[in-house]
Each structure stands twice: as structure tokens, then as C-alpha cells.
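Top line first, the protein sequences correspond to chains V and X. Per this note's numbering, the first sequence runs over residues 2 to 407. Per this note's numbering, the second sequence runs over residues 8 to 114. Every residue gets a Cβ at the ideal spot worked out from N, C-alpha and C, and that includes glycine. Keep in mind that this is a model prediction, so the values were computed, not measured.
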Amino acid sequence: MSDAGIVIVGSGHAGLSTAETLRRRGYPGRVRLVGDEAGLPYQRPPLSKQFLKGEWDETRLIQRNAEFYVKHDIELIQGHRVIGVDPDHYSLELDSGEQLTWDKLVLTTGSRLKRLPVPGEGAEGVYYLRTLAQAKALRAALTDVTRVVVIGGGFIGLEATAAFVDAGKQVCVLNGADTLLPRAASALVARYMASLHQARGVQIENGIAVAAINAHNGRVLDVALQDGRTFPADIVLVGIGVEPDATLAEAAGLKCKDGVLIDELCRTSAPDILAAGDCARFRHPLYHRLVRLESIQNAIEQGKHVAATLLGDSEPYAAVPWFWSDQYDTKLQIAGLADGHDLEVIRGDEQGGSFSVFCYARRRLLAVESINAPADHMISRRLIQSAISPTADDAANPNFNLRDLL
Amino acid sequence: MVKITYIEADGRSYEIEAPEGWSLMEAAFHNGVEGIEAECGGACNCATCHVYIDENYLDKLPPIGPTEEEMLECTAAERRPNSRLSCQIELTAELDGMVVDLPETQI
């Protein structure tokens, strides 16, 4: 082994988790963390919540302070994009032209925004939200606008909607799917979240298709749908999801399939190249299928896992995926993956705003979505991790203590 | 600035100064205190920023809210009378000098 050590490409949650874990667990070699955004690595979740609302300033988003990287000898190469990886020569090239060599490479390249493929998408006043720079631009734009159109009914669109409403804006959500949170939540939870927003005056249009964003003098005027309706907008936020950023891996000849394919130890098809986080697709042992997760939990835990593999001390990755979303004063927490469920069982008080939806497939518990019911969420994570499925009757019975099953 | 001392389960300690208004979790996380995981970044979603508070300061803290109460029942290390989730505690001048013990595990 040379002294090139480990290079991590992508300084989001997965990349940082990898670097930190390597040091915490005593890796003695060189650790370099390359990120395409300038500045210290930061947390993304608050961008659409506390930061957008103006409750937090930029310094509170920073993950670890500058001294941390010095103290732990983690070399940050920020503000540089990697433009190519050469697996045969164990090298990569930065956009500055600099070449780095590595003994082990970790790809934590994350995901990138899907762009709305309609005319006018580039007009002034149209925003996307993934990076700090984008969040700053959006936050600054909010000061003198009244009407906001949000395109997309996923987590980002709805969290931003809540922030806009709190800031006194009129908001209309144009959602391509037939329900909100189509990829993330059960029909019951989607309906509940819709009612939260509607009760605050948000207009929600499901099942729509955007035809164009009309502009006047280059600045957004309204959003036109294919059915002929138009929705006036001072600004537009597009939140129609992300796709894995696997460009480098594909170009380097690594096996990819809507993400970089990794095994249970986070190894890609190329020797000495590993991957983790949003960019990676893997067979989940609890769900027996290939999954790719867009979640902080997965990014952090898979990052730790990559580090363990690099140190020769890893077990197959089997963590229960979990997610959360805070909108207004409501806390949505999701444990597990509900895709393919055939039964939804409610536990708790839907009217009272504190309940959980247990999602089953053939009597097996796949996922639990909790609204203002954090204890349900925490217990559910343990149930799913242990492959324990309460009966539908027990799940629905508030007097049945789910902890008794553990 | 508010000065807090965090003591890891293995005895290592960190003296940290952080601005008023930050949370007890953020001050630790920002400075790389290992015994705090804070997977959710401070949204009271993960119970991995569990701490044991110096008894002398307990009554200076905001009361435990309903979400924190439920999450405290789900911590990885045992809950004690002085257990709190550090993301739910805002640093104030009154907390200057507080000592916080960290549990052996958060996960």
C-alpha cells in the first residue's frame, strides 16, 4: 500500500461520516474529503426548515468546525469537482487539473436535482432547493413576494410550503402525482398532510402536468398546466425529486443501475472502490430487493459502514431505513419502507393528530408512519429491525404495549 | 458565550464555548464531541443526543416537552432522573459552567 490513503468523493453526510468514522476507529493513513461546494460541510435537512424560515443562520448549518478537521487530520478539498476516476491507475482528476491518487476510493456523490423539462424553467424567479447556495437565494427572494407556486408534493416541496406559509405567503402546490408524498407515505398519511396544509389556506392540485413557466421580461409570471389552467406566481419552487449522481462511477465502468451498485459491505464492482449514501443501490436484507435511499440516516450509517469495511471489520449492512419531516408543528416519522404494502392499520387518534399507520404486506410489517407519535416510531424501528410483526389487531389496539414484543 | 464541559463515558472531557441560542447538542456536535451522535441534527427525531445533566442545573432547564418525553423512553443507554436530549436545551447565560455527562452509547 502506498501513502495515498483514502480519498472520499462527496462531502455530504455520507462522506463526512466515512471520514470521521475512519479517524474515530483509528485509521492511521491519509484521509482526503473532496466536495464540489465551497466552505465547510454542512447539514442539508435544515435548509428547507429552520434555515428557510430564517430561524437559523449559516453558521448553525455547519457540521463540524474547522478545528475539527485539523485535529483529526482530515484533509478537506472543498469547492472542487472530480471530473474523472481511473480505477486502473488508482487516480482521479479534479476540475483544477490536479490528479489525486488513492489506495481506496469512496464514492459518496449523493444525488442531483431533477430539472423540470418545460419551457421557461430557467426564468428569473424559479428556484430549486438542494444546496446552501440555492437555499440562500430562495430565502433572499422571499422578502418581497406574495404568491409562491411549489411544483412537486414531496418532502422538500411540503417543508418549504410550511416555511412559506409561516412567512405569510399564499402558496399553491402543483403535484404531478395523485397524492402528496407519493413515493414516501401511505395514502392515509398523504391525506393527513394535505389536510394540514389546506387548513392553512394552501391550495393543492394533484395529478397535474406542467406545460410551461411563463415569463415576462425574463421573470416568472405564472405556471401553465397542460389542462389550460394557469397559476400566477411571484416565485416558483421546483421540488420534483432527485436522481443518483453516478456519473463518475458510470464513466469509470463501475456497475450501475439507477445508482452505483454495492454489495452488503458497500463495495462496488471495482476493486478498492466503495460507495455509500444517496448515490448507492444495494440489496436490503430486510426487504430482499435492491433499494436506493435518500435519507440522512442511511447516509450516516452507510458512511460508518464503509469505514468499517475499509478497516476490515464490517458486517452486512442491514439498518432499518428511517426518515422524518417537520411541517408546521407536526412531526412525521417513517420507519421502514412501505412500497408494496397491502394493508394499512391505524394506531392512535387520527382526529386528535397523534397516530401511526402500520403498513403490512402479507401480514409482515414493512413500515410504520407516525404523526406526532415518536414513541411508536422508535419502537417500530426496533420491531422492523428484528423482523417482528405485531398482528393487525394488536397494532390497532392502543392498550397493547408494542414493547412487549421486543 | 456559554461555557459547557462535556465528559465522555470513558472520562475524556471537552470544555466548549458556544453562543447563547444554540442548543446543548449543537455546541457539542460542532466541536466534535464523540459521545453525541445527533443523527437527526437536532429535530428531536432520533434520541442519539442523550445526556446526563449536572443536578445543580436541572431546574435551570426548560421543562421536558411531550416529544422529548417519549423519545427519552427510547434512548439506547438507561434513562435516569437527570436524562435529557441535548438538542432540546437552548444555551442561556444561566447554564454557563454546566457539566454534562455522556452515556456509553447512543445507538
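- Task: Report all residues from its chain with a CB closer than 6 Å to the CB of V:Val149; omit the five preceding and five following residues, and keep chain order.
- Result: Phe165, Lys170, Val172 and Ile236
- Complete alpha helix (DSSP H) runs within the segment 172-238 of chain V (minimum length 4 residues, chain order): 188-199
- Item | Outcome for V:Arg348 when other beta-carbon atoms lying within 10 angstroms are tallied against a minimum of 16 | buried
- Exposed or buried, which one is V:Thr110 when buried takes at least 16 other CB atoms within 10 Å? buried
- Classification of V:Ser357 by the beta-carbon crowding that lies within 10 angstroms, buried from 16 upward: buried
- Task: Below 8 Å CB to CB, which residues in the same chain sit around V:Gly313 once its five sequence neighbours on both sides are set aside?
- Result: none
- Pick out the complete beta strand (DSSP E) segments inside the segment 102-140 of chain V, 3 residues or longer, and give them in chain order. 105-108, 112-114 and 127-129
- Query: Is the shortest distance between the beta-carbon of V:Lys332 and the beta-carbons of chain X less than 9 Å?
  - Reply: yes
- Task: Starting from V:Gln303, trace the alpha helix (DSSP H) both ways and give me its first and last residue.
- Result: Ile297 to Leu311
- Interface residues of chain X around V:Trp103 at Cβ under 9 Å? Those within 9 Å of V:Trp103 in chain X number zero; the least Cβ separation is about 24 Å.
- Cβ of X:His57 within 9 Å of any chain V Cβ: no
- Message: By the DSSP assignment, the beta strand (DSSP E) with X:Thr12 in it spans what residues?
- Response: Val9 to Ile14
- Query: In the segment 64-94 of chain X, which residue ranges form an unbroken beta strand (DSSP E) of at least 3 residues, counting only runs that do not cross its ends?
  - Reply: 90-92
- Query: Since V:Phe69 meets chain X, which of its residues come closer than 9 Å, beta carbon to beta carbon?
  - Reply: His37, Asn38 and Gly39
- Put V:Thr331 into one of helix, strand or coil per three-state DSSP. strand
- Counting Cβ pairs, one atom from each stretch, are 3 or more of them under 8 Å apart for the segment 11-19 of chain X and the segment 106-113 of chain X? yes
- Message: Our contact map puts V:Val243 next to V:Ala124 with C-beta atoms below 8 Å; I'd like the distance itself, whole angstroms only.
- Response: Not really, about 22 Å apart at Cβ, beyond 8 Å.
- Query: List, in order along the chain, the chain X residues whose C-beta lies closer than 8 Å to that of V:Asp340?
  - Reply: Neighbours of V:Asp340 on chain X: none; closest Cβ ~22 Å, over 8 Å.
- Task: Taking only beta carbons into account, state which residues of the segment 53-81 of chain V come closer than 8 Å to chain X, listed in chain order.
- Result: Arg61, Ile63, Gln64, Arg65, Asn66, Glu68, Phe69, Lys72 and His73
- Query: Within 9 Å (strictly less), CB to CB, does X:Asn89 reach chain V?
  - Reply: no
- Would you identify the three-state DSSP class for V:His285, choosing helix, strand or coil? strand
- Given that a residue counts as buried once 16 or more other Cβ atoms are within 10 Å of its Cβ, and exposed if not, what is V:His289? exposed
- At which residue ranges does the segment 43-99 of chain V contain complete alpha helix (DSSP H) runs of 4 or more residues, listed in the order of the chain? 51-54 and 67-72
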